[in-house]
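Residue numbers (my numbering): 12 to 319. No residue lacks a Cβ here, since even glycine has one placed at the ideal position from N, Cα and C.
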Amino acid sequence: MTLDEILEGRDPDRLSELSREDMRKLFWMYKGLLKRVERDTAYWQATNDNLRTAYERLDEQERELARAYQTIRQDLEIAQQVQHALLPKDHPEMLARFEFSVYHKQMTEVGGDYYDFYRLRDGSHAIGVFDISGHGVSAALIMAYLKAQLVQTMEQVSRPRDIVEYLNNATVGFLREVRRYATVNFVAFGERTFRYVCGGGYGVLVRGGEVHTFNKGDPFIGLRRRAYSEYELPFETGDVLALYTDGMVEAQDSAGADYSTRRLHELVRTNAELPANQILQRCLDDYGQFRRVDADDITLIVLRRRAA
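Dropping the structure here:
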């Protein structure tokens, strides 16, 4: 009986028949196997120790991430509260002259859409609608910065064109540095008209069943120093004005088609006899049925001139 035959499992009980040379070979094979087992055991033990250490580090990193996430969530909640506080509340003087309704939604906790109501130095009322490029915290910070600059601007000038020019000149250096810009729609109301400056913003007036869109030829705030144009349109009892940012009209349906300014303007026109809040709701309902998902911050303001 040879060692090979025994190792093949034919008859292990006949080990005593092995030659001295085969016994020596079997011994060294056994020693080799022991050494291999010891080496493999040490390897897997080290692997287990490394895995245990890695898991412990991962657990600690997960705890650190959880703590960081909690801090971020708390900061975002505070930022959201601050941004909400910066938005206008009730404006009795505006309500006495205009019937209006506002829809304002940020895509995340905070965003770059901003609107406000103003009383100018000459006593007239005004609305400003802004859309800061980008999303999230960075856009919200720029929005707060522009709000502060706008307050200072209105202490210096009162005409819409002068206000927007002054604001642009005061902020263009900073906005270029941070690579941001803002669209603007600034509207000041007179007794039977309104004057507006539009740098990339959106506005539509429905008067007597006719649609008058805003001239959008002026530059965004923060791109370059340049004079702005001021336009005037009639705005009398029953006329409807809608101001909005691009979040709604650039939203797409499942086929990739834009909601479009034409669709929104037609909705405002066909519902112009309704109260402002119902016009706004008709627009939101139609938009909700059309769009696949919100892709940007949205601001829509609908105003109707009340009877004097």
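Assign GLU67 to one of three DSSP states: helix, strand, or coil.
As a first step, residue 67 must be located in the sequence shown, where it is residue number 56. Looking at GLU67 - three-state DSSP - the assignment turns out to be helix.
What are the boundary residues of the alpha helix (DSSP H) that includes ARG302?
Taking the sequence shown and counting its residues from 1, one reaches residue 302 at position 291. Element bounds for ARG302: n/a, residue is neither H nor E.
Segment limits, alpha helix (DSSP H) that includes ASN179
Looking up residue 179 in the sequence shown gives position 168. Segment 171-188, the alpha helix (DSSP H) holding ASN179.
Per DSSP, TYR41 is paired with what?
As a working note, residue 41 is residue 30 in the sequence shown. None; TYR41 has no bridge partner.
Determine, using beta-carbon pairs with one atom in the segment 239-258 and one in the segment 298-315, whether at least three such pairs fall under 8 Å.
Verdict: yes, contact present.
Can you tell me which of THR182, SER169 and ILE138 puts its alpha carbon nearest to the alpha carbon of ALA155?
If you number the sequence shown from 1, residue 155 lands on position 144. Nearest option by C-alpha distance: THR182.
Is the segment 229-243 touching the segment 197-213, taking contact as three or more C-beta pairs under 8 Å?
yes
Can VAL316 and GLY220 be called in contact, C-beta distance under 8 Å?
Translated into positions along the sequence shown, residue 316 becomes position 305. Translated into positions along the sequence shown, residue 220 becomes position 209. Checking the sequence, you will find Arg at residue 316 rather than Val. Going by C-beta atoms, ARG316 is not nearer than 8 Å to GLY220.
Can you tell me which of ARG108, PRO99 and GLU104 puts its alpha carbon nearest to the alpha carbon of ASP127?
By one-based count along the sequence shown, residue 127 stands at place 116. Residue PRO99 is the option with its Cα nearest to ASP127.
Return helix, strand or coil for TYR80, following the three-state DSSP convention.
Against the sequence shown, residue 80 aligns to sequence position 69. Helix, per DSSP.
Cβ pair count under 8 Å reaching 3, the segment 222-241 against the segment 169-186
yes
Give me whichever residues DSSP pairs with ASP264 in a beta bridge.
Stepping through the sequence shown from its first residue, residue 264 is reached at position 253. The partner list for ASP264 (beta bridge, DSSP) is empty, contrary to what the question assumes.
Can you list, in chain order, the residues of its chain whose CB lies under 6 Å from that of ILE153, leaving out five sequence neighbours each side?
Mapped onto the sequence shown, residue 153 falls at position 142. Same-chain partners within the cutoff: ILE143 and ARG191.
Looking at the strands, I want to know which residues DSSP matches up with TYR114.
The residue you call residue 114 lines up with position 103 of the sequence shown. The bridge partners DSSP lists for TYR114 are LEU311.
Secondary structure at GLY220, three-state DSSP: helix, strand or coil?
Numbered from 1 along the sequence shown, position 209 holds the residue referred to as residue 220. Coil.
Quick one: what's ARG316 bridged to in DSSP?
Numbered from 1 along the sequence shown, position 305 holds the residue referred to as residue 316. In DSSP, ARG316 forms a bridge with PHE109.
Do you know whose CA, among ALA287, HIS146, ARG130 and SER271, lies nearest PRO103's CA?
The residue given as residue 103 occupies position 92 in the sequence shown. The option with the nearest alpha carbon to PRO103 is ARG130.
Exposure label - MET40; buried when at least 16 CB within 10 Å
Along the sequence shown, one-based indexing puts residue 40 at 29. Exposed: under 16 other Cβ atoms inside 10 Å.
For ASN196, does the count of other Cβ atoms within 10 angstroms reach 16, so buried, or fall short, so exposed?
Position 185 of the sequence shown holds residue 196. Counting Cβ neighbours within 10 Å, ASN196 comes out buried, since at least 16 surround it.
Counting only the same chain and skipping the five closest in sequence on each side, list residues whose C-beta sits under 7 Å from that of ARG303.
Numbered from its first residue, the sequence shown carries residue 303 at position 292. Taken in chain order, the residues that qualify are GLN263, ASP264 and SER265.
Give the straight-line distance between the Cα atoms of TYR298 and ILE312, rounded to the nearest whole angstrom.
Taking the sequence shown and counting its residues from 1, one reaches residue 298 at position 287. Taking the sequence shown and counting its residues from 1, one reaches residue 312 at position 301. So the two alpha carbons sit approximately 15 Å from each other.
Could you tell me whether the Cβ atoms of LEU252 and LEU275 are closer together than 8 Å?
Here residue 252 refers to the residue found at position 241 when the sequence shown is read from its first residue. Here residue 275 refers to the residue found at position 264 when the sequence shown is read from its first residue. No, the Cβ-Cβ distance between LEU252 and LEU275 is not below 8 Å.
Please state the DSSP three-state secondary structure of GLY139.
Stepping through the sequence shown from its first residue, residue 139 is reached at position 128. Three-state result, GLY139: strand.
Taking the C-alpha atoms as reference points, what is the distance between LEU291 and ASP133?
As a first step, residue 291 is located in the sequence shown; it is residue number 280 there, counting from the start. As a first step, residue 133 is located in the sequence shown; it is residue number 122 there, counting from the start. Whole-angstrom Cα-Cα distance: 30 Å.
Alpha carbons only, please: which of SER112, TYR66 and GLU88 is nearest the one belonging to VAL148?
Within the sequence shown, the letter at position 137 stands for residue 148. For VAL148, the nearest C-alpha among the options comes from GLU88.
Report the option in GLY139, PRO171, GLN167 and MET165 whose CA atom is closest to the CA atom of TYR213.
Taking the first residue of the sequence shown as 1, we reach residue 213 at position 202. Taking TYR213 as reference, the option from GLY139, PRO171, GLN167 and MET165 with the minimal CA-CA separation is GLY139.
Going by C-alpha to C-alpha distance, which of LEU295, SER30 and ALA107 sits closest to ARG318?
The residue given as residue 318 occupies position 307 in the sequence shown. Checking the sequence shown, residue 318 turns out to be Ala, not Arg. ALA318 has its Cα closest to that of ALA107, out of LEU295, SER30 and ALA107.
Taking the C-alpha atoms as reference points, what is the distance between GLN56 and GLY267?
Here residue 56 refers to the residue found at position 45 when the sequence shown is read from its first residue. Here residue 267 refers to the residue found at position 256 when the sequence shown is read from its first residue. When rounded, the distance between both Cα atoms is 57 Å.
Output the distance between the C-alpha atoms of SER271 and LEU278, rounded to the nearest integer angstrom.
Taking the sequence shown and counting its residues from 1, one reaches residue 271 at position 260. Taking the sequence shown and counting its residues from 1, one reaches residue 278 at position 267. Their Cα atoms are separated by approximately 11 Å.
Quick one, are the C-beta atoms of ALA199 and PRO230 less than 8 Å apart?
As a working note, residue 199 is residue 188 in the sequence shown. As a working note, residue 230 is residue 219 in the sequence shown. No, Cβ-Cβ distance for ALA199 and PRO230 is not below 8 Å.
Helix, strand or coil for ARG130 per DSSP?
As a position in the sequence shown, residue 130 is number 119, starting the count at 1. ARG130 falls in the strand class under three-state DSSP.
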